[in-house]
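One structure is given here, and the rest of the page talks about it.
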Amino acid sequence: MNTATETVTEAVISPRAALLNEHLKTQDAASPLNYTHDRCDRCGTAAAAKSWFTYSVGDIMLCGHHTLFHLDALLEQNPVSYWIEPEVLAPIKSVIVPKQDFTKGGDGLTDAS
2 MNTATETVTE AVISPRAALL NEHLKTQDAA SPLNYTHDRC DRCGTAAAAK
52 SWFTYSVGDI MLCGHHTLFH LDALLEQNPV SYWIEPEVLA PIKSVIVPKQ
102 DFTKGGDGLT DAS
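Just so we're on the same page, the working numbering is the position in the sequence shown counted from 1, plus 1.
Take a look at the structure:
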């Protein structure tokens with residue numbers, strides 16, 4: 002066997018990406034957020050919340066931008082629980098975002114099954 006022709010097929014995954022991938026496998030698909038009322042705690046009324054972190058002292062809700070910006074610090078504080086909109090994590094290398102199924106029953110033109 003020639004080692005020069007071997008290729009590495011398994012990419013190196015960062016610990017953060019591995020942690021997020023494991024979390025996304027068990028995260029409830031239904032959002033706990035109310036997109037009309039829940040707002041980012043950092044930028045106030047400017048953006049709808051896309052993540053929810055629960056700590057022993059309270060909750061933090063952030064928009065997608067602030068979730069990514071503060072993600073490492075938020076995870077280092079060992080939240081009791083957290084929920085993140087999967088699409089927010091798409092820019093992180095090696096994070097596998099589950100595809101959404103938008104198919105409907107019936108002819109696709111009406112709500113009939």
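For each residue, glycine too, the CB sits at the ideal point set by N, CA and C.
Span of the alpha helix (DSSP H), counted from its first residue to its last, around T68: Counting from one through the sequence shown, the residue named residue 68 turns up at place 67. First-last of the alpha helix (DSSP H) with T68: G65 to E77.
Under 8 Å between C-beta atoms of V89 and T55: Walking along the sequence shown from the start, residue 89 turns up at place 88. Walking along the sequence shown from the start, residue 55 turns up at place 54. Pairing V89 with T55 gives a Cβ-Cβ distance that is not under 8 Å.
Whole-angstrom C-beta distance between I61 and H39, which should lie under 8 Å: In the sequence shown, counting from the first residue as 1, residue 39 sits at position 38. In the sequence shown, counting from the first residue as 1, residue 61 sits at position 60. Sequence check: residue 39 is Asp here, not His. That pair is no contact at about 11 Å.
Same chain, Cβ closer than 7 Å to Q78, five either side skipped, listed in chain order: One-based indexing of the sequence shown puts residue 78 at position 77. Closer than 7 Å at Cβ, skipping near neighbours: Y56.
Residue span of the alpha helix (DSSP H) that contains T27, given as start and end: For this step, residue 27 is matched to residue 26 along the sequence shown. Under the DSSP assignment, T27 falls in the alpha helix (DSSP H) whose first and last residues are P16 to T27.
Boundaries of the beta strand (DSSP E) in which I85 is found, first to last residue: Counting from 1 along the sequence shown, the entry for residue 85 is found at position 84. It spans S82 to I85 - the beta strand (DSSP E) in which I85 sits, taken as one unbroken run.
Alpha-carbon spacing of A31 relative to P87, whole angstroms: If you number the sequence shown from 1, residue 31 lands on position 30. If you number the sequence shown from 1, residue 87 lands on position 86. A31 and P87 have their C-alpha atoms spaced approximately 11 Å apart.
Contacts around D73, its chain only, beta-carbon distance under 6 Å, and the 5 residues preceding and following it disregarded: As a working note, residue 73 is residue 72 in the sequence shown. Counting only Cβ-Cβ distances below 6 Å, and skipping sequence neighbours, we find nothing.
Segments of 3+ residues assigned as beta strand (DSSP E) that fall wholly inside the segment 28-66: List check, beta strand (DSSP E) in window: 45-49, 52-56 and 59-63.
Residue from W53, T37 and G65 whose Cα sits closest to the Cα of V81: Walking along the sequence shown from the start, residue 81 turns up at place 80. Ranking W53, T37 and G65 by CA distance to the CA of V81 puts W53 first.
Helix, strand or coil at V96 [DSSP, three-state]: Start at 1 with the first residue of the sequence shown, and residue 96 comes out as number 95. Correct three-state label for V96: coil.
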